[in-house]
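Undergrad:
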Amino acid sequence: MELKGKTALITGANRGLGFAMSEKLASMGARVFMACRKKEDAEKAVSLLASRGLDAAAKQADVENPADIEALSADMSGSLKSLDILINNAGVNSEPMGTTIENIDLKLFEKIMNINLRGALYMCSKFIPLLKNSPDARIINFSSGLAQLSVPRMGPFPSYSISKTGVNQLTWFLAEELKETNVKVFSVDPGWVKTDMGGPNAMLEISEGIDTPIWLATAPAEDLKSGCFYKERKVLGW
Ligand SMILES: NC(=O)c1ccc[n+]([C@@H]2O[C@H](COP(=O)([O-])OP(=O)(O)OC[C@H]3O[C@@H](n4cnc5c(N)ncnc54)[C@H](OP(=O)(O)O)[C@@H]3O)[C@@H](O)[C@H]2O)c1
19 MELKGKTALI TGANRGLGFA MSEKLASMGA RVFMACRKKE DAEKAVSLLA
69 SRGLDAAAKQ ADVENPADIE ALSADMSGSL KSLDILINNA GVNSEPMGTT
119 IENIDLKLFE KIMNINLRGA LYMCSKFIPL LKNSPDARII NFSSGLAQLS
169 VPRMGPFPSY SISKTGVNQL TWFLAEELKE TNVKVFSVDP GWVKTDMGGP
219 NAMLEISEGI DTPIWLATAP AEDLKSGCFY KERKVLGW
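The working numbering puts the sequence shown at residues 19 to 256.
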């Protein structure tokens, strides 16, 4: 699909799935805004894409910091009329193995919630006006299989799992709020992917992990159901 003239904003764009999605959307013709926690990482990532002739711009935003999100939104609203694709990809799973609800580190719980859930929520909040100006906008919220409530519980990471279940509620809630607009909202489980987070034993290559989010960003609107949780291009149970 040709994305010429479209704009995309991706958080956590300097490495892993965020970098790969930036490269893919830019190679399809979009102007990609790469929002990264550290300005120098954003500049490095953008120069890699620029060296391949791709259209990308560096933005700084630590999604744990609401003031950074406000500044990013003010900056982009000053220069853009609309935004077509927002990908809330930034995420952490820094909880040690063996963490239980009983022994949980509350500071770490708050950090993971603030990055994975509050960060995604506030990015949505501050970019809804620009997204509403697009004739066909998409918000893609990165969730995880560990968020699912309809299957036996997987994994030992309580804060991460709870944060990603919250992301799914954000998708569900916001899709309803935006149902009369041109903005569609999705959650995505990329699968278990070989990134810094997924580790070397993960099942999927990065190119496979970005397949569904890129499809959600680019498929014809009539093929997609807003307010759903997707994996492998199919709707997944919550
Ligand atoms: N890999 C998997 O198997 C898997 C499975 C299910 C879901 N996911 C989800 O997919 C998304 C991407 O994961 P990944 O595998 O690509 O992870 P990754 O390789 O660890 O990359 C994470 C990215 O998020 C950024 N980030 C972390 N905290 C941030 C903050 N406060 N503000 C802005 N950016 C921040 C990191 O930036 P820095 O470089 O500055 O730290 C990095 O760019 C995450 O939401 C993750 O939960 C991944």
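Even for Gly, the Cβ is constructed at its ideal location relative to N, Cα and C. If you're wondering where the values come from, they're calculated on a predicted model, not measured in any experiment.
Hey, is lysine 77 close to ligand 1, as in C-beta under 7 Å from one of its heavy atoms?
TA: Checking the Cβ of lysine 77 against ligand 1 gives no.
Undergrad: Considering only their Cβ atoms, is the gap separating leucine 188 from cysteine 246 smaller than 8 Å?
TA: It is not a contact, given that the beta carbons lie outside the stated cut-off.
Undergrad: Taking C-beta to C-beta, are leucine 234 and isoleucine 158 nearer than 8 Å?
TA: Going by C-beta atoms, leucine 234 is nearer than 8 Å to isoleucine 158.
Undergrad: Nearest CA to the CA of leucine 43: which residue from Cys54, Ala63, Leu72?
TA: Per the Cα distances, Leu72.
Undergrad: Does methionine 115 get closer than 8 Å to chain C when you measure Cβ to Cβ?
TA: The structure shown contains no chain C; it holds only a single protein chain.
Undergrad: Taking 8 Å as the cut-off, does the segment 172-181 touch the segment 103-120 (at least 3 CB pairs, one atom from each stretch)?
TA: Output reads yes: the segment 172-181 touches the segment 103-120.
Undergrad: When you measure from the CB of methionine 271 to every non-hydrogen atom of ligand 1, does any distance come out below 7 Å?
TA: No statement about residue 271 is possible, as the shown extent of the chain runs from 19 to 256 and does not include it.
Undergrad: Ignore the nearest five residues each way along the sequence and tell me which others in glycine 36's own chain have a CB closer than 6 Å to its CB.
TA: Contacts found: Ile28, Gly30, Asn107.
Undergrad: Which of helix, strand or coil does DSSP assign to methionine 39?
TA: DSSP places methionine 39 in helix when its eight states are reduced to three.
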